[in-house]
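K.L.:
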Amino acid sequence: MKPRASFIFLTLLLSAIWTLTLRAEPATDFSRFEKTIAAYEESDRAAPPPKGAILFTGASHIRRWTTLAQDFPQHQVINRGFGGSEIREATHFAPRIIFPYAPKTIYFRSGGNELWNKKRTAEEAFADFKEFVTTVHAKLPDTDIIYISNIRSLARASQDDLLKTMNTLIADYVRGKPHLRYIDVFDLMTDSSGQLRPECFVEDRLHLSPAGYKLLTAKVAADMGR
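Following UniProt numbering, the numbering of the sequence shown begins with 1 at its first residue and continues without gaps.
Below, the structure written as structure tokens:
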């Protein structure tokens, strides 16, 4: 091989290796939620939740929804949220916090953390959601999975476009498919002029206040009654 050709070949090879290195996905540290998941399992041993209930899981909007039982008194509900989590983690822990309950319905709210922390693109988070669906339906094919969309917040206004892209991808994906639904709450915390309402958030301007959960409860209740 001539020197110039060798140089070009080597340059292309190094470029390809560098590109693959940049795209290499860091391993997810599932152990960071081990204590939380183990605590749920301990609680289950002490008081086993009913089979066929309605399960809420996902990140902090679910974990902090401490009034679920009061908000939906006509239903048996289980809260298995873990704050700061990502979709991939919900999939990983499904055998421990989803499958044992054989829920008839899952309300799932996750995806914003990995976008905010720049761990995933909107497209990658969407792919993670599809994997979550595939994993759950492989074990529980008749369970309804309802994705509660990403929600705008005061603290993370800069990621609105990413959230909208991910929401759109998921909404289009679930449309018309059996046992899959989508609840759009992206603009739920806004006023008539499209401005976010501060009273719907707690001091961190990210998580929901009682007023915010009241709005979210109404949207989910409407889906339950459909």
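Glycine included, every Cβ here is placed at the ideal spot set by N, Cα and C.
Quick caveat: nothing in here was measured; it's all calculated off a predicted structure.
Do residue 55 and residue 101 have their CB atoms nearer than 7 Å?
P.N.:
Their beta carbons are under 7 Å apart, which means residue 55 touches residue 101 by this criterion.
K.L.:
Below 7 Å CB to CB, which residues in the same chain sit around residue 138 once its five sequence neighbours on both sides are set aside?
P.N.:
Once the five neighbours on either side are set aside, residue 138 has no close Cβ partner at all.
K.L.:
Are the beta-carbon atoms belonging to residue 82 and residue 135 less than 7 Å from one another?
P.N.:
For residue 82 and residue 135, no; Cβs fall outside 7 Å.
K.L.:
If contacts are defined as beta-carbon pairs under 8 Å, then residue 145 and residue 108 qualify, I think. What distance do you get, rounded to the angstrom?
P.N.:
About 6 Å separates the two Cβ atoms, so the contact holds.
K.L.:
Report the CB separation of residue 110 from residue 86 in whole angstroms; it is logged as a contact under 8 Å.
P.N.:
Indeed, because the Cβ distance is near 7 Å, the residues count as touching under 8 Å.
K.L.:
Can you name the start and end residues of the alpha helix (DSSP H) that residue 63 belongs to?
P.N.:
60 to 63 is the span of the alpha helix (DSSP H), which, as asked, contains residue 63.
K.L.:
According to the neighbour-count rule (16 or more other Cβ atoms, all chains shown, within 10 Å of its Cβ), is residue 149 buried or exposed?
P.N.:
It counts as buried.
K.L.:
Does the stretch 120 to 136 come within contact of the stretch 160 to 168, defined as at least 3 CB pairs closer than 8 Å?
P.N.:
Yes, they touch.
K.L.:
Give me whichever residues DSSP pairs with residue 79 in a beta bridge.
P.N.:
For residue 79, which the question treats as bridged, DSSP gives the partners 56.
K.L.:
Taking residue 159 as the reference, which of 51, 88, 113 and 133 has the closest Cα?
P.N.:
Nearest of 51, 88, 113 and 133 to residue 159, Cα basis: 113.
K.L.:
Helix, strand or coil, according to DSSP, for residue 152 in the structure here?
P.N.:
Reduced to three states, the DSSP call for residue 152 is coil.
K.L.:
Classify residue 90: buried if its beta carbon has 16 or more other beta carbons within 10 angstroms, exposed otherwise.
P.N.:
Its Cβ being crowded by 16 or more others within 10 Å, residue 90 is buried.
K.L.:
Roughly how many angstroms separate the alpha carbons of residue 206 and residue 171, rounded to a whole number?
P.N.:
Distance between the alpha carbons of residue 206 and residue 171 is about 23 Å.
K.L.:
Mapping DSSP to helix, strand and coil, what is residue 98?
P.N.:
If DSSP states are grouped into helix, strand and coil, residue 98 belongs with coil.
K.L.:
Just tell me which of 175, 185, 208 and 161 has its CA closest to the CA of residue 116.
P.N.:
The shortest C-alpha separation from residue 116 is found at 161.
K.L.:
Among the residues of its own chain, which have a CB less than 8 Å from the CB of residue 194, if the five just before and after it don't count?
P.N.:
These residues qualify, in order along the chain: 187.
K.L.:
How long is the line joining the alpha carbons of residue 29 and residue 104, rounded to whole angstroms?
P.N.:
If you take the alpha carbons of residue 29 and residue 104, they lie about 29 Å apart.
K.L.:
Looking at residue 196 and residue 189, is the spacing between their C-beta atoms short of 7 Å?
P.N.:
Yes, the pair counts as a contact, with Cβ atoms nearer than the cut-off.
K.L.:
What I want to know is whether the C-beta of residue 221 ends up closer than 6 Å to one or more non-hydrogen atoms of the ligand NAP.
P.N.:
The model depicted lacks the ligand NAP and carries no ligand whatsoever.
K.L.:
Would you grab the beta carbon distance between residue 202 and residue 209 for me? Rounded to a whole angstrom, and I think it's under 8 Å.
P.N.:
Correct: roughly 5 Å between the Cβ atoms.
K.L.:
Could you pull the start and end residues of the alpha helix (DSSP H) that residue 126 belongs to?
P.N.:
From DSSP, the alpha helix (DSSP H) with residue 126 extends over 122 to 139.
K.L.:
Let me confirm a value: residue 212 is counted as buried when at least 16 other C-beta atoms fall within 10 Å, else exposed. Which label applies?
P.N.:
Label assigned to residue 212: buried.
K.L.:
Can you check which of these residues, 49, 156, 173 and 52, is closest to residue 147 by C-alpha distance?
P.N.:
Taking only the C-alpha atoms, the option nearest residue 147 is 173.
K.L.:
Any idea if residue 288 is buried or exposed, counting beta-carbon neighbours within 10 angstroms, 16 or more meaning buried?
P.N.:
Outside the shown range of the chain (1 to 226) lies residue 288, about which nothing can therefore be said.
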